[in-house]
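These notes are about the structure you will find just below.
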Amino acid sequence: MSARDVILARLRAAPPATLPALPGVAAWFDAHQRNEDNAQRTSRLRSALEAVKTEVHDTTADAWPDLLLQIAAAKGLRNLLLGSDTPHGALLQARQALNLQLLYYAKSIDSWRDVLFDEVDASLTLARSAIAETGSLILWPDASEPRLMSLVPALHFVLLDVSTIHADLHSAMRDEGWSAGLPTNALLVCGPSKTADIQQTLAYGAHGPRELVVLLCHPQGGAA
Amino acid sequence: MSPVIKIHPMEDFKARSRAVLNDAGQQRNFRGAMDFLQAKRRAQFPDREELEGLRDLGAAIRRYSLAHLPRLLEQLEANLTAKGVQVHWAQTPDEANAIALAIAQRVKARSVIKGKSMVSEEVEFNHAMQAAGIEAIESDMGEYIVQLAGEKPSHIIMPAIHKTKQDIARLFAKELPGVAYTEDVDALIQIGRRVLRHKFAEADIGLSGVNFAVAETGTLCLVENEGNGRMCTTVPRVHIAITGIEKVVEKLEHVPPLFSLLSRSATGQAVTTYFNLISGPRKPGEKDGPEEVHLILLDNGRTQAYADEELRATLQCIRCGACMNHCPVYARIGGHAYGTTYPGPIGAIISPHLLGLESTYPLAFASTLCGACGEVCPVRIPIPEILVRLRNEAQARPDTEEANLRGSGAARSVSGTAVWSVWAQVYGRLGLYRLASWFMSRGRALSPTEQGAWTRSRTPLVPAAKRLRDLLKDRKP
């Protein structure tokens, strides 16, 4: 018998437990829902992100490219990595920034790994949605905005439409129908990478980004 | 007794524990770390009702998952396979290492970069790779420090918890070329980041553990803060995940409560920096991610725990480490004293299945049964009850139905059995008890002054001059 068959046979030979009912996960989360509007969710998201050293800026769908360029200039960034063929990348490109070189993730990583690790200062990706409860940004990397964009560059900009903020992870999974199909990699991100492995002292910039900058896109004429 | 007893780790366990107890510096480190972690966890659960409700839910999910374990493993395997993940099964650490080694040799790997994985510690993965000439590098900061020092992790969540920043400053200055002594924690982390950064880019294989495996979607979930887990599972050409067979849940919606309990119980964070859901290798057109993803499902004694309805609860564990953070024994002797991959209360109850009760039963006795571990466990594992059960198993008569585990009866001795059989006789018969207690009280002057372990740090036990029965008689007018 193969290891697989032996293991499964042993498990099946064990006395059956008094079979517990399927846990009422949805009921528990429904009972703990807060009655809050989008502004309150946005504010909870913001506090949770700021608590872990994330820069959060309010902006709009029209104004964010200029804001990003200002921040990039203030931080002295030389270049910014964008996904290939993204609408937000096109918006930024149209601004024709003078001092910020725009790079594109156009080829497979295998051909330019060292450039990504050594020469890219920052990246910009779009968040699919977010979670108010924990301040998590939900990223679904794809062929256009690959996985390493949110991991390797030392500074990561995330563009988030505030109308997509969910109350909690359970609502996000349910309302977006995650169980019907997940991408190769889905991610929750809350803050820049960190560690407390040395004497329980919190230090940011472990192996991922050292800085996380979130641009909250409000509706035109809204809270921004 | 048999010579087996002579090489018994029990003696090492006691010697190691005593050494730590006599080390004032280590006592201070552990106390400080435990107080810190306890306070952080407490702050995450301000609402008692919410905490207890979430623990009920977490326990229900884990019990449900275990009740359906064989079916869920098959479902997980089918869904992962459909997405291009290769699933392997291993009964023993050797089998698990052989599977990983075969993959490494096929892809001609020279180095493996590792994310944090206690199962890889359990199977001694690094040794197996090194023996085959393949470099295995830890990339979690704590694991990296411990590997650099030639040690093993002393805590499942914070591997280098036994080290001060001064220890680490000295270690880095000694082991890393061109690194000057610094106690600045930010600077030390940046040194680690710099050294490991190119190891990620150069490694042929990334190895990771798994926090939750979701059967319905074929998804591996990884919880982390540093980003090294994402590096290991994204940059190298091959990703190998290794996990115990108990980590599977049926539905994606079962993950949020467990993830919340894990981050809050482990390090007192509302959420970790990253939650990474992996559902397959790089697809055509995608520009990064591994071309191959493998999952190794390890038994290593877990089916023994599963076979017993009481001990099965051991497998509910989500490896948060809260039980050790709240254990008065762990807080004093630290993780290394246990001599097992998993220390603390969870280590005492899982290790007998991995290593046999004969070499691990002392751990079940090294407990005051204060109950703190059971009280904080986010998935309600009745750890104190299981410790008592393991004590009984250790004293069980071999080859009877009292003995259910590998190594049951290992703590039984001729003298011990004789003492308890006399005790049972005396306490089971009133006349005999009266007679014995009369002799004991009258002969109290003859009590031995050496009473084994008891008198090592306490005054000898001496029977009372008057028995309760005599005292009651005296009270009569």
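Top line first, the protein sequences correspond to chains A and B. Taking our numbering, the leading residue of the first sequence gets 5, the next gets one more, and so forth. Taking our numbering, the leading residue of the second sequence gets 1101, the next gets one more, and so forth. All C-beta atoms in this analysis are idealised placements derived from N, C-alpha and C, irrespective of residue type, glycine included. Computed from a predicted model, the values in this text were never measured in an experiment.
Residue i, buried or exposed, once every other Cβ within 10 Å from all chains shown has been counted against 16
| i | result |
| --- | --- |
| A:Leu26 | exposed |
| A:Met5 | exposed |
| B:Cys1470 | exposed |
| B:Thr1559 | exposed |
| A:His160 | buried |
| B:Gln1525 | exposed |
| B:Leu1157 | buried |
| B:Tyr1527 | exposed |
| B:Phe1130 | buried |
| B:Pro1277 | exposed |
| B:Lys1383 | exposed |
| A:Pro91 | exposed |
| B:Lys1106 | Note that B:Lys1106 scores a pLDDT of 34, beneath 50, so its modelled location is shaky; the value from the coordinates is reported in the next line. That one is exposed. |
| B:Gln1247 | buried |
| B:Lys1299 | buried |
| A:Pro157 | buried |
| A:Gly185 | exposed |
Run of the alpha helix (DSSP H) containing residue i, from where it starts to where it stops
| i | result |
| --- | --- |
| B:Phe1375 | Counting along the chain, B:Phe1375 falls outside any alpha helix (DSSP H), though it belongs to the beta strand (DSSP E) covering Tyr1374 to Ile1378. |
| B:Thr1181 | Leu1169 to Ala1182 |
| A:Leu84 | First-last for A:Leu84: Asn83 to Leu86, but that is the beta strand (DSSP E), not the alpha helix (DSSP H). |
| A:Ala134 | From DSSP, A:Ala134 is part of no alpha helix (DSSP H) but of the beta strand (DSSP E) over Ser133 to Ile135. |
| B:Glu1391 | Careful: B:Glu1391 lies outside any alpha helix (DSSP H) and carries neither H nor E. |
| B:Cys1423 | Ala1422 to Asn1425 |
| A:Ala52 | Asn42 to Glu54 |
| A:Ser154 | Looking at the DSSP string, A:Ser154 is not in any alpha helix (DSSP H), and its letter there is neither H nor E. |
| B:Ser1365 | Val1355 to Thr1367 |
| B:Asp1286 | Val1285 to Glu1302 |
DSSP state of residue i mapped onto helix, strand, coil
| i | result |
| --- | --- |
| A:Tyr109 | coil |
| A:Thr199 | strand |
| A:Ala30 | helix |
| B:Gly1447 | helix |
| A:Asn230 | The first residue shown for chain A is 5 and the last is 228, placing residue 230 of chain A beyond what the model contains. |
| A:His92 | helix |
| A:Pro68 | One detail in the question is off: residue 68 of chain A reads as Trp in this sequence, not Pro. Three-state DSSP puts A:Trp68 in a helix. |
| B:Ala1202 | helix |
| B:Val1562 | coil |
| B:Cys1473 | helix |
| B:Gln1186 | strand |
| B:Thr1333 | helix |
Top-ranked residue by Cα proximity to residue i, from the options
| i | options | result |
| --- | --- | --- |
| B:Val1212 | B:Ala1236, B:Met1218 and B:Ile1203 | B:Ala1236 |
| B:Met1134 | B:Gly1444, B:Asn1311 and B:Ser1541 | B:Gly1444 |
| B:Val1041 | B:Glu1238, B:Asp1284, B:Ile1340 and B:Ala1159 | Any answer about residue 1041 of chain B is impossible in this case: the structure gives chain B only from 1101 up to 1577. |
| B:Val1126 | B:Val1562, B:Lys1263, B:Pro1253 and B:Lys1347 | With the sequence shown as reference, residue 1126 of chain B is identified as Gln, and Val is not the correct amino acid for it. It is B:Lys1263 whose Cα lies nearest to the Cα of B:Gln1126. |
| B:Leu1362 | B:Phe1375, B:Ile1342, B:Val1522 and B:Leu1571 | B:Phe1375 |
| A:Phe121 | B:Leu1296, B:Gln1247 and B:Ala1407 | B:Leu1296 |
| B:Glu1638 | B:Arg1544, B:Met1540, B:Leu1572 and B:Leu1561 | Nothing can be reported for residue 1638 of chain B, as the shown portion of chain B is limited to 1101 through 1577. |
| B:Ile1418 | B:Ile1450, B:Ser1379, B:Thr1440 and B:Glu1501 | B:Ile1450 |
| B:Ala1565 | B:Asp1574, B:Leu1535 and B:Arg1542 | B:Arg1542 |
| B:Ile1378 | B:Ile1199, B:Gly1309 and B:Gly1516 | B:Gly1309 |
| B:Ile1396 | B:Gly1509, B:Val1479, B:Ala1407 and B:Gln1191 | B:Gln1191 |
| A:Arg178 | A:Pro20, A:Ala31 and A:Ala18 | A:Ala31 |
| A:Val124 | A:Tyr108, A:Ala136, A:Leu130 and A:Arg132 | A:Tyr108 |
| B:Glu1326 | A:Val60, A:Cys194 and A:Ser183 | A:Cys194 |
| A:Lys126 | A:Lys79, A:Ile135 and A:Ala136 | Position check: residue 126 of chain A holds Ala in this sequence, whereas Lys was assumed. Of the candidates A:Lys79, A:Ile135 and A:Ala136, the one whose C-alpha sits nearest the C-alpha of A:Ala126 is A:Lys79. |
| A:Asn83 | A:Gln105, A:Ala94, A:Leu71 and A:Thr64 | A:Gln105 |
| A:Cys221 | A:Arg99, A:Val29, A:Thr46 and A:Ala210 | A:Thr46 |
| B:Ile1234 | B:Ala1115, B:Tyr1281, B:Ala1303 and B:Met1218 | B:Ala1303 |
| A:Lys111 | A:Ala55, A:Asp146 and A:Thr205 | A:Asp146 |
Bounding residues of the beta strand (DSSP E) (the contiguous stretch that carries residue i)
| i | result |
| --- | --- |
| B:Gln1144 | No beta strand (DSSP E) holds B:Gln1144; the alpha helix (DSSP H) holding it covers Ala1124 to Gln1144. |
| B:Gly1306 | Ile1305 to Ser1308 |
| B:Glu1324 | Thr1319 to Glu1324 |
| A:Leu125 | Here the sequence assigns Asp to residue 125 of chain A, which means Leu is not the residue at that position. It is not in any beta strand (DSSP E) - A:Asp125 carries neither H nor E in the DSSP assignment. |
| A:Glu59 | Glu59 to Thr64 |
| A:Leu141 | Ser140 to Leu143 |
| B:Asp1503 | Reading off the sequence shown, one finds Ala at residue 1503 of chain B, where the question assumed Asp. Element bounds for B:Ala1503: n/a, residue is neither H nor E. |
Cβ-Cβ separation, residue j to residue i (assumed contact under 8 Å), whole Å
| i | j | result |
| --- | --- | --- |
| B:Ala1422 | B:Cys1477 | 7 Å |
| A:Val162 | A:Ile75 | Wrong, their Cβ atoms sit about 12 Å apart, outside the cutoff. |
| B:Ile1486 | B:Glu1392 | The pair is not a contact, with the Cβ atoms about 39 Å apart (cut-off 8 Å). |
| B:Thr1334 | B:Asp1267 | Their Cβ separation, rounded to whole angstroms, is 32 Å, which puts B:Thr1334 and B:Asp1267 out of contact at 8 Å. |
| A:Leu15 | B:Pro1498 | 25 Å between Cβ atoms; not a contact. |
| B:Ile1245 | B:Thr1367 | About 17 Å separates the two Cβ atoms, so there is no contact after all. |
Any non-hydrogen atom of the ligand SAM closer than 7 Å to residue i Cβ
| i | result |
| --- | --- |
| A:Ser175 | In the structure on display, the ligand SAM does not appear, and there are no ligands present to speak of. |
Near-chain C residues of the region 1376-1399 of chain B - C-beta to any C-beta below 8 Å
Checking the listed chains, one finds no chain C in this structure; the protein chains it contains are A and B.
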